[in-house]
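Undergrad:
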Amino acid sequence: MRRLIILLVSSSLAILIIWGIVGLLRQANTPTAQASVQFAPQSASQFAPLPNHPSLAPDAGLPAPRITTTTLLDFFQPGTQPNQITDTIDAPQQCMGCHEGYSNQIDQPADYEPWTGWAGSMMAQSGRDPIFYAALDIANADAAFAGEFCLRCHLPRGWLDGRSTPTDGSAMTPIDQEGIQCEVCHRAVDPIYSGENPARDLTVLAAITSPVIMPGNAGLIVDTADFRRGPFDVVADNGFDPHNPAAGALDTLQSPFHQEAALCGSCHDISNPLLSWDEPSQSYTLNPSNQPFTDTTALFPIERTYSEWLLSDFNTPQGVVLPQFGGNKSAVSTCQDCHMQDVTGVGASFFGSVGNIPERNDLPQHDLTGANNWVPLIIPQMPAFSATFSTEPFAAERLAALYAGADRATAMLQNAAELDISLSGTQLMVTIT
Numbered sequence: 421m422r423r424l425i426i427l428l429v430s431s432s433l434a435i436l437i438i439w440g441i442v443g444l445l446r447q448a449n450t451p452t453a454q455a456s457v458q459f460a461p462q463s464a465s466q467f468a469p470l471p472n473h474p475s476l477a478p479d480a481g482l483p484a485p486r487i488t489t490t491t492l493l494d495f496f497q498p499g500t501q502p503n504q505i506t507d508t509i510d511a512p513q514q515c516m517g518c519h520e521g522y523s524n525q526i527d528q529p530a531d532y533e534p535w536t537g538w539a540g541s542m543m544a545q546s547g548r549d550p551i552f553y554a555a556l557d558i559a560n561a562d563a564a565f566a567g568e569f570c571l572r573c574h575l576p577r578g579w580l581d582g583r584s585t586p587t588d589g590s591a592m593t594p595i596d597q598e599g600i601q602c603e604v605c606h607r608a609v610d611p612i613y614s615g616e617n618p619a620r621d622l623t624v625l626a627a628i629t630s631p632v633i634m635p636g637n638a639g640l641i642v643d644t645a646d647f648r649r650g651p652f653d654v655v656a657d658n659g660f661d662p663h664n665p666a667a668g669a670l671d672t673l674q675s676p677f678h679q680e681a682a683l684c685g686s687c688h689d690i691s692n693p694l695l696s697w698d699e700p701s702q703s704y705t706l707n708p709s710n711q712p713f714t715d716t717t718a719l720f721p722i723e724r725t726y727s728e729w730l731l732s733d734f735n736t737p738q739g740v741v742l743p744q745f746g747g748n749k750s751a752v753s754t755c756q757d758c759h760m761q762d763v764t765g766v767g768a769s770f771f772g773s774v775g776n777i778p779e780r781n782d783l784p785q786h787d788l789t790g791a792n793n794w795v796p797l798i799i800p801q802m803p804a805f806s807a808t809f810s811t812e813p814f815a816a817e818r819l820a821a822l823y824a825g826a827d828r829a830t831a832m833l834q835n836a837a838e839l840d841i842s843l844s845g846t847q848l849m850v851t852i853t
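421 is the number of the first residue of the sequence shown in the working numbering; add one for each residue after it.
Have a look at this one:
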């Protein structure tokens, strides 16, 4: 397990450095997004094993024995569990009719449309990201059934529907590979009920058999029925409920939780489910085998994106003045303030018209932009992954959204930090300011 931890840490550092270098090289050597749309998917035959490459089973990692035996129960996490959903998560294509293809009516950028912004984000690629599948292969090789833990976050629709076995993701469908889909977030329920949350949340929380005690590890609570949630009272704004039974849903509920960083923390704190803090020995030790370990506060930290925010100056009422990230806000505080910045626009159309939809100055841009400007450019070149959307009638729009997402990530990196790289003899010097 120590080997696994070291591998995760060293791999993450290497990837960060590589991404930084790739980002710099991309500006000089890579065509613009507009030029890149001309790239054609390569054939699968071009990805044959290299000469003299060892012949390994599909689930094989490095030729080293596992140091512990693991089962599915060892990777159990709290929250909504597989096969508890009664109304399956709708395919994101079901949201296109209202949330895409109308910006030309009001002269707003296309990625202000919720569906278009999402389609170019890494959230939409989490189930087809080749880097993820490489890491998934290593995880399954290092610890049997480890992929169960990975799939619940990267392919939550398939995980909720019980398709995480086998844990290599081979049972997932093309729709599952759409990653963090619209309804995964828009049916999410605050694990801690407050009077501001929809009353429906009480019913959902009462049915949870393993409560979420802290954000992280994809410990999501998802409404088992198709009650959709968002931060605004869209029924009052529009004069009718757009997510009604005639539209295939049950109701639209206003949820303050969707403007809180804790929603993002559901996935963006990650802990190793096999290791927990042992007070007597003052060290992290292996958890008991073949049983759930539910004290998530004690697990070994792998990523602490949400916790770092929680302890930062951003998590204050005044936030931090960074207008380059906040859109219509000069000061930013929550995850959403930077990664879904407020813009002025319209969030939907009804029956192809935006005539009765109010323009908002606090419309959250659903681009969910982060720092990954490389994978969106790679996916169209990988037939195993681009095939999940390349045959759709709107493939060109999705391709354009991908490249727009890569450009947004580059812009965020340029606004966030400066990366200087120099070579002194055989030593690579990297300075980040």
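Using N, Cα and C, we set each Cβ at its ideal position, and we do this for glycine too.
Please work out which residues of its chain come closer than 6 Å, Cβ to Cβ, to Val-624, disregarding the five sequence neighbours upstream and downstream, and give them in chain order.
TA: Answer for Val-624: Val-609 and Asp-643, listed in chain order.
Undergrad: What is the C-beta distance between Gly-896 and Gly-540, in whole angstroms, given that I count them as a contact (C-beta under 8 Å)?
TA: With the chain running from 421 to 853 in the structure shown, residue 896 is simply not present.
Undergrad: On a Cα-Cα basis, can you pick out the residue from His-606, Leu-695 and Thr-716 that is closest to Ser-630?
TA: Ser-630 has its Cα closest to that of Thr-716, out of His-606, Leu-695 and Thr-716.
Undergrad: Going by beta-carbon coordinates alone, are Ala-645 and Thr-500 separated by less than 8 Å?
TA: It is not a contact, given that the beta carbons lie outside the stated cut-off.
Undergrad: Is the beta carbon of Leu-492 closer than 8 Å to that of Phe-565?
TA: Yes.
Undergrad: Of the residues Glu-838, His-574 and Pro-635, which one's Cα is nearest the Cα of Met-543?
TA: Nearest option by C-alpha distance: His-574.
Undergrad: Would DSSP call Leu-694 helix, strand or coil?
TA: Looking at Leu-694 - three-state DSSP - the assignment turns out to be strand.
Undergrad: Is the distance from the Cβ of Leu-822 to the Cβ of Ile-799 below 8 Å?
TA: Yes, the Cβ-Cβ distance between Leu-822 and Ile-799 is below 8 Å.
Undergrad: With DSSP as the reference, label Ala-751 as helix, strand or coil.
TA: In the structure shown, Ala-751 sits in a strand (DSSP, three-state: E or B).
Undergrad: Hey, quick one: how far does the beta strand (DSSP E) through Gly-765 stretch, first residue to last?
TA: Gly-765 -> beta strand (DSSP E) spans 762 to 765.
Undergrad: Buried or exposed for Leu-731, please, with buried defined as at least 16 other CB atoms from any protein chain shown within 10 angstroms of its CB.
TA: The residue in question, Leu-731, is exposed, as its Cβ has fewer than 16 Cβ neighbours within 10 Å.
Undergrad: Suppose you measure from the CA of Asp-787 to the CA of Gln-545; what does that come to, to the nearest Å?
TA: The straight-line gap from Cα to Cα measures roughly 12 Å.
Undergrad: On the DSSP bridge assignment, give the partners of Asp-689 in chain order.
TA: Paired residue(s): Arg-724.
Undergrad: Alpha carbons only, please: which of Asn-776, Gln-785, Leu-719 and Ala-768 is nearest the one belonging to Gly-747?
TA: Checking every option, the nearest Cα to that of Gly-747 belongs to Gln-785.
Undergrad: Beta-carbon separation of Phe-720 and Leu-695 under 8 Å?
TA: For Phe-720 and Leu-695, yes; Cβs fall inside 8 Å.
Undergrad: Would you mind working out which of Ala-511, Ala-768 and Leu-683 sits nearest Asn-524, comparing C-alpha positions?
TA: Ranking Ala-511, Ala-768 and Leu-683 by Cα distance to Asn-524 puts Ala-768 first.
Undergrad: Which residues does DSSP list as the beta-bridge partners of Gly-650?
TA: Gly-650 is bridged to Gln-674.
Undergrad: Can you list the alpha helix (DSSP H) stretches of 4 or more residues lying completely in the stretch 778 to 819, in chain order?
TA: Listed in chain order, they are 795 to 798 and 803 to 806.
Undergrad: Using the Cβ count rule (16 or more neighbours within 10 Å means buried), how would you classify Ser-584?
TA: When all chains shown are included, Ser-584 counts as buried.
Undergrad: Helix, strand or coil for Ile-841, going by three-state DSSP, please let me know.
TA: Strand.
Undergrad: Using the three-state DSSP reduction, which class does Met-542 fall into: helix, strand or coil?
TA: Residue state, collapsed to three classes: coil.
Undergrad: So if DSSP puts Ala-608 in a beta bridge, which residue, or which two residues, is it bridged to?
TA: Answer is Val-642.
Undergrad: Going by beta carbon distance, what residues of the same chain come within less than 8 Å of Asp-698, once the five residues before and after it are set aside?
TA: Tyr-704 and Thr-705.
Undergrad: Taking the alpha-carbon of Cys-755 as reference, which of Asp-733, Trp-579, Arg-818 and Asp-657 has the nearest alpha-carbon?
TA: If we check each option's Cα against that of Cys-755, Asp-733 comes out closest.
Undergrad: If you drop the 5 nearest sequence neighbours on each side, which residues of the same chain put their C-beta closer than 7 Å to that of Thr-853?
TA: Once the five neighbours on either side are set aside, the close Cβ partners of Thr-853 are Ala-837 and Glu-838.
Undergrad: Which first and last residues belong to the alpha helix (DSSP H) in which Leu-625 is found?
TA: 620 to 626 is the span of the alpha helix (DSSP H), which, as asked, contains Leu-625.
Undergrad: Under 8 Å by Cβ, that's how I've got Ile-641 and Ile-628 pegged, so tell me the actual separation to the nearest angstrom.
TA: Right, their Cβ atoms sit about 6 Å apart.
Undergrad: Looking only at its own chain, which residues have a Cβ that is under 6 Å from the Cβ of Asn-503, when we skip the five neighbours before and after it?
TA: Here the set comprises Gly-582.
Undergrad: Can you list, in chain order, the residues of its chain whose CB lies under 6 Å from that of Trp-535, leaving out five sequence neighbours each side?
TA: Around Trp-535: Cys-515, Met-516, His-519 and Glu-520.
Undergrad: Between Gly-775, Phe-771 and Thr-851, which lies nearest to Asp-840 when the distance is taken from Cα to Cα?
TA: Answer by Cα proximity: Thr-851.
Undergrad: Just tell me which of Asn-710, Pro-594 and Val-795 has its CA closest to the CA of Ile-551.
TA: Selected option, being the one with the closest Cα: Val-795.
Undergrad: Would you call the CB atoms of Pro-586 and Ala-638 closer than 8 Å?
TA: The answer is no: Cβ separation not under 8 Å.
Undergrad: Go through its chain and collect everything with a Cβ distance to Met-634's Cβ below 7 Å, but skip five positions before and after it.
TA: If we look at Met-634 and ignore the five residues flanking it on each side, its Cβ neighbours are Thr-716 and Thr-717.
Undergrad: Can you tell me where the alpha helix (DSSP H) holding Gln-744 begins and where it ends?
TA: That run of the alpha helix (DSSP H) goes 743 to 746.
Undergrad: Which residue comes first and which comes last in the alpha helix (DSSP H) that contains Ile-558?
TA: Ile-558 -> alpha helix (DSSP H) spans 550 to 562.
Undergrad: Quick check on Pro-662: does DSSP put it in helix, strand or coil?
TA: Residue state, collapsed to three classes: coil.
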